[in-house]
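When the letters of the sequence shown are read in order and numbered with the working numbering, they come out as residues 206 to 390. Think of the CB as a built atom: it goes at the ideal place given N, C-alpha and C, for glycine as much as any other residue. In what follows, a structure is listed as structure tokens, so that the remarks can point back to it.
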Amino acid sequence: MKITTCLSECSLPEMLEFIGYIHKTGLLTIRAGPELKIRTGKIQYIWFSQGHVVAAAKRLDNQGLLRLINQQSWCSDRVTSKLAQICPQDTAVGEYLLSQGVLQAQHLQRLFSLQVLQPISTCFSLKKGRFEFETKVNLPMMEMTGVSQSTTEVTLVAQQMLRRLNKVSSRNPTRTGSYVNTALI
206 MKITTCLSEC
216 SLPEMLEFIG
226 YIHKTGLLTI
236 RAGPELKIRT
246 GKIQYIWFSQ
256 GHVVAAAKRL
266 DNQGLLRLIN
276 QQSWCSDRVT
286 SKLAQICPQD
296 TAVGEYLLSQ
306 GVLQAQHLQR
316 LFSLQVLQPI
326 STCFSLKKGR
336 FEFETKVNLP
346 MMEMTGVSQS
356 TTEVTLVAQQ
366 MLRRLNKVSS
376 RNPTRTGSYV
386 NTALI
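In structure tokens, the structure reads:
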């Protein structure tokens, strides 16, 4: 199954709820931009398993979660790279790192928030763009923490995050007086 639509026809929260309602597994690709002339970084990928959100990334290189772990300085790049290489192919890399004692459960929750919830909340502010949902895809185990949330939970949390971001942005304008949101830039 493949669904393609524009934000002007269906909002992102509506699409998330639809995917959750039909309990589908697949990939939602969001392309942002007024003219839809997409540059690298203007695309967000969100994966679902049986209607639950399981991962998100800006690129399809299967390195986003490992980069994020290394940015948090919870363990060395060398350790995460080595363990990721021996991680079973049917296991989320976050779960594997947890089982090996490299990460703790609260680290996985934090990673899910940084990797999934924050980018989705930013996508909620998009006015123009399009998205495509494809069901014939493999889940990216190297991008998965092992944490998942229902689309309803993700929508509620993302909307709260967006409200907080807008509140902070209204108090901290850029030099030109406009506000910059860099999650998709």
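For LEU313, the uninterrupted alpha helix (DSSP H) segment begins and ends at 310-317.
Residue environment for LEU271: buried (at least 16 other C-beta atoms within 10 angstroms of its C-beta).
Using a Cβ distance threshold of 8 Å, TYR250 and LEU265 count as a contacting pair. Annotation for ILE224: the continuous alpha helix (DSSP H) segment containing it runs 217-226. In this structure, the CA atom of GLN354 is about 20 Å from the CA atom of LEU308.
Short of 7 Å from the beta carbon of PHE329, and not among the five residues preceding or following it, lie these beta carbons of its own chain, in chain order: LEU217, PRO218, ALA363, GLN364 and LEU367. Contact annotation, ALA261 with ILE325: C-beta distance approximately 7 Å; criterion of less than 8 Å satisfied. For VAL342, the CB contacts under 7 Å within the same chain, skipping 5 residues up- and downstream, are GLY231 and LEU232 in chain order.
DSSP, reduced to helix, strand and coil, places GLN290 within a helical segment of the structure shown. As computed with DSSP, THR210 is found in a beta bridge with PHE336. By alpha-carbon distance to PHE253, the top candidate from SER286, ASN267 and VAL352 is VAL352. Counted as a single uninterrupted DSSP element, the beta strand (DSSP E) harbouring GLN249 occupies residues 248-254.
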